[in-house]
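K.L.:
Got a structure for you, questions after.
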Amino acid sequence: MGPGRAVLQGALLSFLAVAIRDGLKSESLTVDTEGDDCKQEAQDMWKLMQQLGYQGRLDGHHCEWPGVTCENRCVKQLRCETCGGRLPERINLNHLFFVKLTSPNLTGDIKAFQETPHLRLLSLHGTRIHGNLSALANLSLRYLDLSGTAVTGSLKDFVGETVAFSFLVQTLDGLRHLLLSRTKVTGDFNALTVLRKLIAVDLSHTAVAGRITSKWRGKLRHLEILKLQNTSVQFAPQGEELQKLKVHSRYT
């Protein structure tokens, strides 16, 4: 793992810690789990882990399985480095907040996550996941890492709906980290200017194009990391404007 990836992975861990500490307590992320809607999750989790190709034992309560974290008996987090199976057509875990699956053998369509309304952090770096990026446009994601996957689609399709439909403004508008390096994503880079809370963006080694100006930077006041090497994006600012935007031209 190079320094660039280490920084972004560190950002994930830090962001997750803050999200768990503060985010889950906020009104926007509060989930009512007093009902019986989580009782079905034991069976759903067993089926999911089987489909994902989990090789370990699945004994006892599902909330005690390796990589599974629950709150009020509802699955909130799922981590697995050895799940090399296939994503199901649909993941039926309504309270899922964080997913990290990193096996290079994992396949399936990204649309499996379409109906996980409380999903905030999704990391599938280095897997064989495919599908169109726009399948995630209706989620309230804060962190998205699909680097090294076969995901396709244009940036406009991903964020364009945020502009077209007002009820989506509060979903993707909260995205902080967008890591799509070495994917098949295309489109005009300027589509991202509507995501005003972005902190880190990695589009290196993609077919993304467009032109950055100082006016562009003014719209993303929280942006700290921007990786664009081996893209067709053009950088226009000169002189003092260069100090207003941190562009990492190397990726190791």
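The sequence shown maps to residues 1255 to 1506 in our numbering. Beta carbons are placed, not taken as given, at the ideal position from N, Cα and C, and that holds for glycine.
1. How many angstroms separate the CA atom of V1455 from the CA atom of T1361?
2. Apart from the five residues just before and just after D1363, which ones in its own chain have a Cβ nearer than 7 Å to its Cβ?
3. Would you please state the rounded distance, in angstroms, between the beta carbons of L1350 and L1332? I believe it to be under 8 Å.
4. What are the complete beta strand (DSSP E) segments, minimum 3 residues, inside the stretch 1457-1486?
5. Are the beta-carbon atoms of P1371 and S1394 separated by less than 9 Å?
6. For T1403 versus T1381, is the C-beta spacing smaller than 9 Å?
7. For N1444, name the three-state secondary structure that DSSP assigns.
8. Please report the distance separating the alpha-carbon of V1426 from that of C1317.
9. What is the DSSP secondary structure of L1404, counted as helix, strand or coil?
10. K1301 lies in the alpha helix (DSSP H); which residues open and close that run?
P.N.:
So, from the data block:
1. Numbered from 1 along the sequence shown, position 201 holds the residue referred to as residue 1455. Numbered from 1 along the sequence shown, position 107 holds the residue referred to as residue 1361. Cα to Cα, the separation comes out at about 24 Å.
2. Locating residue 1363 in the sequence shown gives position 109, counting from the first residue. Excluding residues within five positions, the ones whose Cβ falls inside 7 Å are L1341, H1384, G1385.
3. Position 96 of the sequence shown, counted from the start, is the residue given in the question as residue 1350. Position 78 of the sequence shown, counted from the start, is the residue given in the question as residue 1332. Rounded, the Cβ-Cβ distance is 7 Å, consistent with contact.
4. 1461-1466, 1479-1481
5. Residue mapping note: residue 1371 aligns to position 117 of the sequence shown, counting from 1. Residue mapping note: residue 1394 aligns to position 140 of the sequence shown, counting from 1. Inclusion of P1371 and S1394 in the CB contact set at 9 Å is warranted, their separation being smaller than that value.
6. By one-based count along the sequence shown, residue 1403 stands at place 149. By one-based count along the sequence shown, residue 1381 stands at place 127. Yes. Within cutoff.
7. The residue you call residue 1444 lines up with position 190 of the sequence shown. DSSP places N1444 in helix when its eight states are reduced to three.
8. Against the sequence shown, residue 1426 aligns to sequence position 172. Against the sequence shown, residue 1317 aligns to sequence position 63. The sequence shown places Leu at residue 1426, not Val. Cα to Cα, the separation comes out at about 29 Å.
9. By one-based count along the sequence shown, residue 1404 stands at place 150. First, the amino acid is wrong: residue 1404 is Ala here, not Leu. A1404 falls in the strand class under three-state DSSP.
10. On the sequence shown, residue 1301 is found 47 positions in, with the first residue counted as 1. Taken as a continuous stretch (DSSP letters only), the alpha helix (DSSP H) holding K1301 covers 1295-1305.
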